[in-house]
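Structure, as structure tokens:
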Amino acid sequence: MLPCVTQDILPPYHSNNPLSSSPNPDTFTSHTHTHKHTRTLLACAELEHGPIVFLDFEHAQPTEAETAVWNQVSAVLEEAHGILAELQSYNGAGQEIREAIQNPGDLALQEKAWNAVCPLVAKLKRFYEFSLRLENALRSLLEALTSPPYAPMQHLEREQALAKQFAEILHFTLSFDELKMTNPAIQNDFSYYRRTISRNRLNNQQLEAENEVNNEMANRMSLFYAEATPMLKTLSNATTKFVSENKTLPIEDTTDCLSTMACVCRVMLETPEYRCRFTNTDTMLFCMRVMVGVIILYDHVHPVGAFAKTSKIDMKGCIKVLKEQPSNSVEGLLNALRYTTRHLNDDSTSKQIRALLQ
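Right, dumping it as structure tokens:
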């Protein structure tokens, strides 16, 4: 790997933005420069993979050309904050469900469990519907960041505000999926809800809750929550669909955008002079989530994937960076690479890379 160079850019931080888990830039060691708020943080000189690109993850503001897409995506990201907070506080109705199952003849306990589950299912429906809006937001960003006449590298340099939003979507997506994977109550609550609906339907009883979550919606929600990482699966499918529907757009225009972002995040994480400026471990988690997210999208879209020798992503370097962190903070990300990528188990994937993910 060629040496990386430094450039004054900014860390991913937004005040009052729970999605951005980076520290206040004022807590960083100052760097002597005429622009007081800038910091030397990251740059990537992967000459064998293309020209140098710098991403300003903090203060990038939309240009006039970016404004329409930026406004659309911004509205979705603002809603994302509440979604994460709701999921984080999701405790489930496990106790009520257990009591109802253990006492099938006790109608009061059946009603208590049902009344506990219904508002939770309404919440799960909101999460699912939000995934559809997130999918549309991602599509808008992909269109903007890959459209002619500019090359992918030029897009990332010219449209910093949209690149930042792309990173924030990935950060949210992996944050959501990590919370979902560690909360079995979600699947249990929804399974109980569906069993109760089916039982009552057999008895020719229609419950009021069916008006909010009908059978078709329940089927779609079941498929969504059956995924280990449902939000990431949604984005992967959306990216694959975007490429297949835009047949005049070279696949490389999309994959080069993704591999460049992976490179930038990896360099920020693996280079001591950049990493030592972090005063908050959440900054590193932000970068790791974005890096893993773009790797998975790349692996789903590129014909030979992220693990092939010809891949523009340094997978050994990326995995090594993750494994150097405390296991409790990266296990969800490593699992995402193990179980939601498409080409890890291909014959063309080196044994060394597979061993790293064992």
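For what it's worth, numbering that gives the first Met the number 0 labels the leading residue of the sequence shown as 0, then goes sequentially. Cβ atoms here follow ideal geometry from the backbone N, Cα and C, with glycine treated the same way.
If you check the beta carbons only, do L119 and G81 fall under 9 Å apart? No, the Cβ-Cβ distance between L119 and G81 is not below 9 Å.
Straight-line Cα distance separating G104 from L336: Distance between the alpha carbons of L336 and G104 is about 46 Å.
Does DSSP put G331 in a helix, a strand or coil? Correct three-state label for G331: helix.
Output the residue ranges of the alpha helix (DSSP H) runs that lie fully inside the region 162-226 and measure 4 residues or longer, sorted by chain position. Scanning the region 162-226 for uninterrupted alpha helix (DSSP H) segments of 4 residues or longer gives 184-201 and 214-225, listed from N- to C-terminal end.
Assuming contact is defined by CB atoms lying nearer than 9 Å, are L169 and F126 in contact in what I supplied? Cβ atoms of L169 and F126: not closer than 9 Å.
Determine the contact status of D313 and R341, defining contact as a CB-CB distance below 9 Å. With respect to R341, D313 sits apart: the two C-beta atoms are not nearer than 9 Å.
Could you compute how far the alpha carbon of M216 sits from the alpha carbon of C275? Going by C-alpha positions, M216 is about 48 Å away from C275.
Alpha carbon to alpha carbon, how far is L141 from A160? Give it in angstroms, no decimals. Looking at the backbone, the Cα of A160 and that of L141 are separated by about 13 Å.
Tell me whether Y338 is buried or exposed, calling it buried when 16 or more other Cβ atoms sit within 10 Å of its Cβ. Classified as exposed, Y338 has fewer than 16 neighbouring CB atoms from the shown chains inside 10 Å of its CB.
Which same chain residues, not among the five before or five after K124, have their C-beta less than 8 Å away from its C-beta? Excluding the 5 residues flanking it on each side, K124 has same chain C-beta neighbours closer than 8 Å at E211, V212, M216 and M220, in chain order.
Per DSSP, what kind of secondary structure is F126 in: helix, strand or coil? Three-state result, F126: helix.
Which full runs of the beta strand (DSSP E) of 3+ residues lie inside the region 242-275, going along the chain? Correct list: empty.
Quick one: residues in its chain with C-beta nearer than 6 Å to the C-beta of P229, no 5 flanking neighbours on either side, listed in chain order? Counting only Cβ-Cβ distances below 6 Å, and skipping sequence neighbours, we find F223.
May I ask which residues mark the beginning and end of the alpha helix (DSSP H) holding E156? For E156, the uninterrupted alpha helix (DSSP H) segment begins and ends at P151 to R157.
Is it the case that the Cβ atoms of T253 and T145 are separated by a distance below 9 Å? For T253 and T145, yes; Cβs fall inside 9 Å.
Mind the definition here: the region 184-201 touches the region 277-297 only if three or more C-beta pairs lie below 8 Å; say whether that holds. Put simply, the region 184-201 does not touch the region 277-297. Fewer than three CB pairs are less than 8 Å apart.
Roughly how many angstroms separate the alpha carbons of V72 and A354, rounded to a whole number? Going by the C-alpha atoms only, they are around 38 Å apart.
Kindly give me the distance between the Cβ atoms of R138 and A237, rounded to whole angstroms, as I take these residues to be in contact under 8 Å. That belief holds up - the Cβ atoms of R138 and A237 are roughly 6 Å apart, short of 8 Å.
Sorted by chain position, which residues of the same chain lie with C-beta nearer than 8 Å to A143's C-beta, five sequence neighbours on each side aside? Excluding positions up to five away in sequence, the list reads E65, V68, H154, E158 and L161.
How is A112 classed by DSSP in three states: helix, strand or coil? Shown here, A112 sits in a helix according to DSSP, grouped into three states.
Could you give the distance in angstroms between the alpha-carbon of C264 and the alpha-carbon of F285? Between C264 and F285, the C-alpha separation is close to 9 Å.
So for H13, helix, strand or coil by DSSP? Per-residue confidence for H13 stands at a pLDDT of 39, beneath the threshold of 50, marking its modelled position as unreliable; no derived number is given.
Whole-angstrom distance between D346 and Q60, CA atom to CA atom: In a straight line, the C-alpha of Q60 is about 44 Å away from that of D346.
Closest to C262 by CA distance: which of E134, D176, N102 and M152 is it? C262 has its Cα closest to that of M152, out of E134, D176, N102 and M152.
Roughly how many angstroms lie between the CA atoms of A305 and A115, to the nearest whole one? Their backbone Cα atoms lie some 44 Å apart in a straight line.
Check whether A150 and Y89 have beta carbons under 9 Å apart: No, they are not a contact pair.
Within the 9 Å Cβ cut-off, does R97 reach chain D? Of the protein chains in the structure, only one exists, and it is not chain D.
Looking only at C-alpha atoms, which of P147, T233 and D188 sits nearest to E128? For the set P147, T233 and D188, the Cα lying nearest the Cα of E128 is the one of T233.
Just tell me which of E167, S190, Y191 and G316 has its CA closest to the CA of T282. It is E167.
Any idea what DSSP makes of Y297, helix, strand or coil? Y297 falls in the helix class under three-state DSSP.
Between N187 and G93, how many whole angstroms is the CB-CB distance? I'm expecting something under 8 Å. Contact holds; Cβ gap of about 6 Å.
Rounded to a whole number of angstroms, what is the C-alpha to C-alpha distance between N266 and E272? Before going on, a small fix: residue 266 reads as Val here, not Asn. Cα to Cα, the separation comes out at about 10 Å.
If I measure Cβ to Cβ from I96 and keep anything under 6 Å in the same chain, skipping five residues before and after, which residues do I get? For I96, where only same-chain residues beyond five positions count, the Cβ hits under 6 Å are A112 and Y191.
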